[in-house]
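Numbering-wise, the sequence shown is residues -19 to -1, 1 to 420 according to mature numbering (1 follows the signal peptide of the UniProt record, and there is no 0).
One structure is given here, and the rest of the page talks about it.
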Amino acid sequence: MKKTLIALSIGIFSQQLFAADLLESWYAAQKYDANFAAARAGLDAGREKAEQGKALLLPRISLSGNANRSVTEYRAENRSTISNNGNSYGYELKLAQPIYRAEAFAGADQLKKQTEQAEVQFRVAEQDLILRVAKAYFEVLGAEEKVKQTTAQKEAVAQQLAQAKKSFEVGVSTITDTDEAQARFDAINSAEIAAHNDMAIKRNTYEQLTQLNPLNLKPISNRQQPTPPQPNDMTTWLQRSENGSLVIAGQQLGLDITSREIDKYRLESTPTLDLIAGYGDSWNSAGISKSGGLDRTGSGQIGLQLSIPLYTGGDRSSKLREALAKKEQQRQTVEASRRDTAQFTKQAFLGVSSGAAQIIALQQALKSSESSLASTKLGREVGVRTTIDVLNAEQTYFSTRYDLTVARYTYLYARLQLAATSGELSEKDLNSVNLWLGN
């Protein structure tokens, strides 16, 4: 029994000692999250596009060979059949080096842009993972705080209910106080059940993202104080997001890619010039050779090949019109991304600036509600306040405490969102937010 208690104590101590924080959650999600793994594979695939573009401008070399068995029968009138049988062999080495292929040059540039787009898209995936981890982490802490708040409020209401019943029994209060306390108790009991259910859902979401135990996450401490955005100027942040947003950058690269697609179809009708070279050998055995022995023939050539496309049946023209329409579609997508990014930047900026002010206000409100609760309890003891007044004061206190906790989470998440709008969100920002966590 003693060994069991010791082992249990060690397990509890280990959980407290190794409580996960925000950075550890992000490291775990990088290894476990399937969406991020897919983004990493997409980056590897995208990097090959640039290599494919280089290949369009490099020579093509091929080697072919053949081996044949020939049987020839000749039969003249009134004469016996003459048969010639033999083997033939050969090989040919060919080289084709593009000298002027305008379409290939445009295609190579397009593939290079696709690699650049893949790099940007992966950075977007990194930022998205940071935000998803932070959201899941803070939602767990918020749900746990809600459970603590409802549990504490339930205990407080239960005490008020017991006291109201006792006061009614001795005739110093009315049945109204008892009924009101009972109604509050039933309501908070229902809220507690809902809070536990929500906490289980939030913990499951976090665990699915990180594969870490969600039961012992580091909460937000009271050591840190909120600060407004730096710089505290919305116009500056809007300019930074316009210039640095990864979403806009990715869409702009998409526009460049569609432009190169147009260039490809426009240049498809231009002449092409290639350097062509080749060498081959062939052998014929005695049965089919001219000399009656083993004949060998070798040949080589080098030259220029000019090709001028004349008519493609309307295929090139149709694809060009399609590419022009897709460019306009992508141009509108870029504009939509700019507008959305500006809106997200404004929301995140206000979330940080107003969030900082709200935290300070709620800290003062919590002190006031705590003092008000103490005064109301004292007033009921001397007969100037009722049980209903105490219940209302308790509800105000617990609600304010919960609102303060949620305001801190919202403020920290807005800081990460603001950094993401300008493409600056990184581990450095996550570490800065992580400093707010502690026991």
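Quick reminder that beta carbons are idealized off the backbone N, C-alpha and C, glycines included.
This one's a predicted model, so the numbers in the text were calculated from it and none came from an experiment.
So, residue 245 versus residue 84, is the Cβ gap smaller than 9 Å?
-> yes
What residues in its chain sit with their C-beta under 7 Å from that of residue 417, if we drop five residues either side in the sequence?
-> 201, 202, 205 and 393
At what residues does the alpha helix (DSSP H) containing residue 218 begin and finish?
-> 215 to 225
Exposed unless 16 or more other CB atoms sit within 10 angstroms - verdict on residue 390 = buried
DSSP three-state assignment for residue 71, whether helix, strand or coil = strand
Go ahead and pull the three-state DSSP assignment for residue 79.
-> DSSP places residue 79 in strand when its eight states are reduced to three.
When the Cα of residue 233 is compared with those of 275, 167, 319 and 155, which residue comes out closest?
-> 319
Beta-carbon proximity check, residue 67 vs residue 263, cutoff 9 Å | no
Start-to-end residues for the alpha helix (DSSP H) that takes in residue 322 = Segment 296 to 362, the alpha helix (DSSP H) holding residue 322.
Separation of residue 183 from residue 22, as counted between CA atoms = Pairing residue 22 with residue 183, the inter-Cα distance amounts to about 28 Å.
Proximal residues to residue 321 (C-beta, below 7 Å), its chain only, five neighbours per side dropped | Excluding sequence neighbours, residue 321 sits near nothing in its chain.
Residue -1 - containing beta strand (DSSP E), residue span | Run containing residue -1: none; DSSP gives neither H nor E here.
Report back the beta-carbon spacing between residue 10 and residue 110 to the nearest angstrom; my notes put them in contact at under 8 Å.
-> Contact between residue 10 and residue 110 holds, since their C-beta atoms are separated by about 6 Å, short of 8 Å.
Whether residue 284 touches residue 257 by CB criterion (9 Å) = yes
Is DSSP giving residue 14 helix, strand or coil here?
-> coil
Through-space distance from residue 410 to residue 212, alpha-carbon basis | 15 Å
Using 8 Å as the threshold, is the region 122 to 132 in touch with the region 374 to 391, meaning 3 or more CB pairs across them?
-> yes
Just the C-alpha distance for residue 376 and residue 141, rounded to the nearest angstrom, thanks.
-> Residue 376 and residue 141 have their C-alpha atoms some 12 Å from each other.
Touch test, the region 216 to 227 against the region 25 to 44, Cβ-Cβ under 8 Å, three pairs minimum | no
Contact belief for residue 209 with residue 337 at Cβ below 8 Å, rounded distance in angstroms = That belief holds up - the Cβ atoms of residue 209 and residue 337 are roughly 5 Å apart, short of 8 Å.
DSSP state of residue 7 mapped onto helix, strand, coil | helix
If you count every other CB in all the chains shown that lies within 10 Å of the CB of residue 408, and 16 or more means buried, which is it?
-> Burial call: exposed.
For the region 398 to 405 against the region 327 to 337, are there 3 or more C-beta pairs whose distance is under 8 Å?
-> yes
Could you check if residue 191 is buried or exposed, using at least 16 other CB atoms within 10 Å of its CB as the buried criterion?
-> buried
Excluding the 5 residues preceding and the 5 following residue 412 in the sequence, name in chain order all residues of the same chain whose CB lies nearer than 7 Å to its CB.
-> 4
Since residue 372 and residue 162 are thought to touch, with beta carbons under 8 Å apart, how far apart are those beta carbons, to the nearest angstrom?
-> That belief holds up - the Cβ atoms of residue 372 and residue 162 are roughly 6 Å apart, short of 8 Å.
Using a Cβ-Cβ cut-off of 7 Å (strictly less than) and excluding sequence neighbours within five positions of residue 95, which residues of its own chain qualify?
-> 27, 30 and 238
Pair within 9 Å by beta-carbon distance, residue 138 and residue 174 | no
Taking C-beta to C-beta, are residue 229 and residue 305 nearer than 9 Å?
-> no
Own chain, CB closer than 6 Å to residue 76, minus 5 neighbours either side, in chain order = 40, 42 and 258
Go ahead and pull the three-state DSSP assignment for residue 419.
-> In this structure, residue 419 counts as coil in the three-state DSSP scheme.
Does DSSP put residue 43 in a helix, a strand or coil?
-> It is a strand residue.
Pull up the CB-CB distance for residue 280 and residue 295, whole angstroms please, since I reckon it's below 8 Å.
-> So it is not a contact: roughly 40 Å between Cβ atoms.
Across which residues does DSSP place residue 66 in a beta bridge pair?
-> 52
Tell me which same chain residues have a C-beta within less than 7 Å of the C-beta of residue 287, skipping the five on either side of it?
-> 252 and 254
Presumed contact (8 Å Cβ cut-off) between residue 227 and residue 313, rounded CB distance | Their Cβ separation, rounded to whole angstroms, is 19 Å, which puts residue 227 and residue 313 out of contact at 8 Å.
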